[in-house]
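Numbering (our numbering), first residue to last: 12 to 102. Each residue gets a CB set at the ideal place from its N, CA and C atoms; glycine is no exception. Step one of this worksheet: look at the structure below.
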Ligand SMILES: [Zn+2]
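Below, the structure written as structure tokens:
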């Protein structure tokens, strides 16, 4: 027999938190270089200074790679291949 006071709807409040902040829906994450946008498909990475910027997702996102890294291509999984300037013989 169920106790009506023992409701199991404490399913955490993720939903209410998500609806709160619609003001920051399309902000670049340059302030949070540790933010990881989990890659689920192919991204069109372009290097812009120390950042890799993805131009193919509907929300542009970027990851910090630092000034010593150069985007040289993509591997078979679409992950960016980064080399240091030393590895490229540019130093
Ligand atoms: Zn992307």
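Could you tell me if residue i is buried or exposed, where buried requires 16 or more neighbouring beta carbons within 10 angstroms of its beta carbon?
| i | result |
| --- | --- |
| residue 73 | buried |
| residue 99 | exposed |
Are the CB atoms of residue j and residue i within a distance shorter than 8 Å?
| i | j | result |
| --- | --- | --- |
| residue 91 | residue 78 | no |
| residue 84 | residue 53 | no |
| residue 81 | residue 57 | no |
Per DSSP, residue i is paired with what?
| i | result |
| --- | --- |
| residue 91 | 85 |
| residue 80 | 95 |
| residue 74 | 63 |
Run the Cβ filter for me: residues under 6 Å from any heavy atom of ligand 1, listed in the order they occur in the chain. For ligand 1, the selected residues are 54, 65, 67, 68, 72.
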